[in-house]
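Residue numbers (the numbering used here), protein chains in the order written: chain D, 5 to 387; chain X, 5 to 387.
These notes are about the structure you will find just below.
2 protein chains.
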Amino acid sequence: METFHINSAQGKARVGRITTLHGTIDTPAFIPVATLGAVHYVSADDLQALGTQALIANTYHLHLRPGEKLISQLGGLHSFMGWHKPLITDSGGFQVFSLGIGKYASQGKAFQPKPIPQNLKTWVSVNNDGVQFVSYVNGSKHQFTPESVIDIQFQLGSDIFLVLDECTSPQHDYDYTKTSMERTHQWAVRSVDAFVGQNQSRNHQLFGIIQGGYFKDLRQKSAEFIQSLPFHGYAIGGILGRNKQEMVDVISWVNELLPENKPRHLLGIGELEDIRQAVALGIDFFDCITPTRLAKTGTFLIRDHPRNRIHITNSSCSRDENPVSLDCPCIVCKNHSRAFLHHLFKVNAQLGCRLAAIHNVLFMEHYFNTIRTEIRENRFKER
Amino acid sequence: METFHINSAQGKARVGRITTLHGTIDTPAFIPVATLGAVHYVSADDLQALGTQALIANTYHLHLRPGEKLISQLGGLHSFMGWHKPLITDSGGFQVFSLGIGKYASQGKAFQPKPIPQNLKTWVSVNNDGVQFVSYVNGSKHQFTPESVIDIQFQLGSDIFLVLDECTSPQHDYDYTKTSMERTHQWAVRSVDAFVGQNQSRNHQLFGIIQGGYFKDLRQKSAEFIQSLPFHGYAIGGILGRNKQEMVDVISWVNELLPENKPRHLLGIGELEDIRQAVALGIDFFDCITPTRLAKTGTFLIRDHPRNRIHITNSSCSRDENPVSLDCPCIVCKNHSRAFLHHLFKVNAQLGCRLAAIHNVLFMEHYFNTIRTEIRENRFKER
Numbered sequence: 005m006e007t008f009h010i011n012s013a014q015g016k017a018r019v020g021r022i023t024t025l026h027g028t029i030d031t032p033a034f035i036p037v038a039t040l041g042a043v044h045y046v047s048a049d050d051l052q053a054l055g056t057q058a059l060i061a062n063t064y065h066l067h068l069r070p071g072e073k074l075i076s077q078l079g080g081l082h083s084f085m086g087w088h089k090p091l092i093t094d095s096g097g098f099q100v101f102s103l104g105i106g107k108y109a110s111q112g113k114a115f116q117p118k119p120i121p122q123n124l125k126t127w128v129s130v131n132n133d134g135v136q137f138v139s140y141v142n143g144s145k146h147q148f149t150p151e152s153v154i155d156i157q158f159q160l161g162s163d164i165f166l167v168l169d170e171c172t173s174p175q176h177d178y179d180y181t182k183t184s185m186e187r188t189h190q191w192a193v194r195s196v197d198a199f200v201g202q203n204q205s206r207n208h209q210l211f212g213i214i215q216g217g218y219f220k221d222l223r224q225k226s227a228e229f230i231q232s233l234p235f236h237g238y239a240i241g242g243i244l245g246r247n248k249q250e251m252v253d254v255i256s257w258v259n260e261l262l263p264e265n266k267p268r269h270l271l272g273i274g275e276l277e278d279i280r281q282a283v284a285l286g287i288d289f290f291d292c293i294t295p296t297r298l299a300k301t302g303t304f305l306i307r308d309h310p311r312n313r314i315h316i317t318n319s320s321c322s323r324d325e326n327p328v329s330l331d332c333p334c335i336v337c338k339n340h341s342r343a344f345l346h347h348l349f350k351v352n353a354q355l356g357c358r359l360a361a362i363h364n365v366l367f368m369e370h371y372f373n374t375i376r377t378e379i380r381e382n383r384f385k386e387r
Numbered sequence: 005m006e007t008f009h010i011n012s013a014q015g016k017a018r019v020g021r022i023t024t025l026h027g028t029i030d031t032p033a034f035i036p037v038a039t040l041g042a043v044h045y046v047s048a049d050d051l052q053a054l055g056t057q058a059l060i061a062n063t064y065h066l067h068l069r070p071g072e073k074l075i076s077q078l079g080g081l082h083s084f085m086g087w088h089k090p091l092i093t094d095s096g097g098f099q100v101f102s103l104g105i106g107k108y109a110s111q112g113k114a115f116q117p118k119p120i121p122q123n124l125k126t127w128v129s130v131n132n133d134g135v136q137f138v139s140y141v142n143g144s145k146h147q148f149t150p151e152s153v154i155d156i157q158f159q160l161g162s163d164i165f166l167v168l169d170e171c172t173s174p175q176h177d178y179d180y181t182k183t184s185m186e187r188t189h190q191w192a193v194r195s196v197d198a199f200v201g202q203n204q205s206r207n208h209q210l211f212g213i214i215q216g217g218y219f220k221d222l223r224q225k226s227a228e229f230i231q232s233l234p235f236h237g238y239a240i241g242g243i244l245g246r247n248k249q250e251m252v253d254v255i256s257w258v259n260e261l262l263p264e265n266k267p268r269h270l271l272g273i274g275e276l277e278d279i280r281q282a283v284a285l286g287i288d289f290f291d292c293i294t295p296t297r298l299a300k301t302g303t304f305l306i307r308d309h310p311r312n313r314i315h316i317t318n319s320s321c322s323r324d325e326n327p328v329s330l331d332c333p334c335i336v337c338k339n340h341s342r343a344f345l346h347h348l349f350k351v352n353a354q355l356g357c358r359l360a361a362i363h364n365v366l367f368m369e370h371y372f373n374t375i376r377t378e379i380r381e382n383r384f385k386e387r
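Here it is, written out as structure tokens:
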């Protein structure tokens, strides 16, 4: 089965389609985050109605609660979530990073380095075999190995698996980043072995993850190594640079070396100002918590506004009878004024968060639909 | 315009239809509570899809936030809420009570009396002119009179108004309850005068409220007095007795004296165990926060279970692949297992509250639909 097909391209930007057992994903695509099996405020049937193509859930979090064994007994993650379209599962590498050095260093994808204290104690220890960590829920001890993470994902039954990797931060120097990357590469080999042995049905796909921090030679080495393995696609992980320009550099270095005919996933990025640049460099899909996290504080995504967003709690919205966006076909913009939404947030009505999430999820669908159309019609612009 | 028509009856229970400018309400009916202009977790378009016939919002709360003036400027409450079916507005009498003696006495509708301390300080003072109170939001001072409450409701533009009343509690003795009831009666006369003067379009309806505590002669006196005024319907307010039997008594005393051809609203009652008894005594509609308040803690309404509910957070649900109810056509029961819903509450996903609210609102719609069918087919039972 051909799992990725490119239909048209403009420069390095391309429109393609990923095929999975649970349906297809038209790329470039935005994948909403359902960390624990649910998108914030929005149910599976809502997402179906909004045109969401796929979701990404998290192996690490689902392993802790409710556990892959229960999900498997209940018929797998699609059935558990009530979501019958494509599902990606993140390996938990980034979450392990968040609880380790990331917990000290703040978890952004692009930030300024600061020195790591000597003897920093974290909840996580990494060695060549795998990673040991303590549950943030109840303090219980756990171990992930490349093999166990593949096994968990088979129990979850997602369509696209991601390998276990180690994420480094800008605090890590060249030497540590190199050592860590080489460990991630060995884990990738072990992941492929574990995957191929179990994927007899060929119903699942495995994506490799490219590490190497913001060091050009390491990113290139990682891209070359990972693309040499029989993955169905590639994800770019870890720290993507200390600023926006370095992010562009990292993506460029990597994408130049990746084969054209496999999909590329930029992990954890979903800010509108980054997306078009990344698409222009040949990225095919994105996942990010941003649209639903912004919803929580009453931030609505909208074009042609500073930073592409409005804060509905601003007093300027309190008497505004216009919808959030006149062009938006979502139920929120069709049925409610900014003044009403402002009121909901001012009185702490949970319904406000839901309405913002509905709007933001649909906004992202439309945003990517527009990008696909522009590429097909050869009029895509990176800004 | 005939505003209420009885289509069939079985004993004192009856099936009728209330007609308003924004559509009809088939009775007996359950009216979900949208205190501040929104039902918890569920949007106006959801409610439309769920078959909700009408909502009840609160004059007191909307007066404080965002204010009737703003709502009027934005086209009235229907437009503000995005709800274009019938709307009732509660007068705020009960809320005034809640912040007064009710704040000391706990706010139940049926509870045991305990003595009122001397010189109890509350946020509220009542005299014959009206009621002065302090905003719980920002400490600002406000006054409600029967006339001002009618005026606010005209600005809101709801379909059915309720008059300002004073709610007494079981702590109040016969003498205070009598004095208070007489004040409520004088307020009712003033309310009718204020209403008739402004309701030139005849687009709105005004319901009177019967008080009198749990004293038979006072309830009878109140029913006789209120039914002598030109109201479109009647509501039974205040303390409905100190136990379930006294509630039945209060409803019986009052309904015997009310005219058959006007609708009767039992304020603030919505527990399933009370509804059938009240319908059997001739009550036509109910409002209560219960279905959506239960949703917050993961309590799902279901027939043929103890107290007609299951607590999804119980460990017995953690591995249960059945829906909440096999018979329920709601999206939650169609798409999700108890195990998934249990998981959502265990990880504090807000989506859990929403799904519970969707289920509970639809449950109440079906419950009342069944009651109407049973009465029509002469097979309604009060238990």
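In this text, a Cβ means the ideal position worked out from N, Cα and C, and glycines have one as well.
CB contact check: residue i to chain X, cutoff 8 Å
i	result
residue 358 (chain D)	yes
residue 53 (chain D)	no
residue 80 (chain D)	no
residue 86 (chain D)	yes
Residue-level contact to chain D via CB, residue i, 8 Å cutoff
i	result
residue 354 (chain X)	yes
residue 444 (chain X)	As displayed, chain X neither begins before 5 nor continues past 387, which places residue 444 (chain X) out of reach and without an answer.
residue 350 (chain X)	yes
residue 45 (chain X)	yes
residue 227 (chain X)	no
residue 439 (chain X)	Given a span of 5 to 387 for chain X in the structure shown, any question on residue 439 (chain X) remains unanswerable.
residue 366 (chain X)	no
residue 262 (chain X)	no
Interface residues of chain D facing residue i [CB-CB closer than 7 Å]
i	result
residue 49 (chain X)	335, 339
residue 158 (chain X)	Near residue 158 (chain X) there are no residues of chain D at all, since even the closest Cβ is about 20 Å away, more than 7 Å.
residue 345 (chain X)	What residue 345 (chain X) touches in chain D: nothing, since even the nearest Cβ is about 10 Å away.
Buried versus exposed, by CB contacts within 10 Å (16 or more), residue i
i	result
residue 88 (chain D)	exposed
residue 62 (chain D)	buried
residue 179 (chain X)	exposed
residue 140 (chain X)	exposed
residue 338 (chain D)	exposed
residue 226 (chain X)	buried
residue 110 (chain X)	The predicted model places residue 110 (chain X) with a pLDDT of 49, which falls under 50 and marks its position as unreliable; any figure quoted below should be read in that light. It is exposed - the Cβ of residue 110 (chain X) has fewer than 16 other Cβ atoms within 10 Å.
residue 395 (chain D)	In the structure as shown, chain D begins at 5 and stops at 387. Residue 395 (chain D) is therefore absent and cannot be evaluated.
residue 370 (chain D)	buried
residue 128 (chain D)	buried
residue 259 (chain D)	buried
residue 161 (chain X)	buried
residue 201 (chain X)	exposed
residue 173 (chain D)	buried
residue 206 (chain D)	exposed
residue 147 (chain X)	exposed
7 Å Cβ cut-off: residues of chain X touching residue i
i	result
residue 146 (chain D)	The premise fails here: residue 146 (chain D) is roughly 17 Å from chain X at the closest Cβ pair, so nothing lies under 7 Å.
Supposed close pair residue i, residue j - CB separation, criterion 8 Å
i	j	result
residue 60 (chain X)	residue 29 (chain X)	Actually they do not touch by this definition, with Cβ atoms about 11 Å apart.
residue 185 (chain D)	residue 295 (chain D)	With a Cβ gap of about 31 Å, residue 185 (chain D) and residue 295 (chain D) do not count as contacting.
residue 64 (chain D)	residue 100 (chain D)	7 Å
residue 238 (chain X)	residue 268 (chain X)	5 Å
Residues that residue i contacts on chain X, provided the C-beta gap is smaller than 9 Å
i	result
residue 40 (chain D)	347, 348, 351, 353
Amino acids of chain D, ordered along the chain, whose beta-carbon sits closer than 9 Å to that of residue i
i	result
residue 59 (chain X)	The contacting residues do not exist; residue 59 (chain X) stays about 13 Å from chain D at best.
residue 74 (chain X)	322, 323, 343, 347
Would the stretch 353-363 of chain X count as touching the stretch 327-344 of chain X if we require 3 or more Cβ pairs under 8 Å? yes
Touching by the beta-carbon criterion (3+ pairs, under 8 Å), the stretch 339-353 of chain X and the stretch 37-56 of chain D: yes
Is the stretch 203-213 of chain X touching the stretch 246-253 of chain X, taking contact as three or more C-beta pairs under 8 Å? no
Touching by the beta-carbon criterion (3+ pairs, under 8 Å), the stretch 73-86 of chain X and the stretch 254-269 of chain X: no
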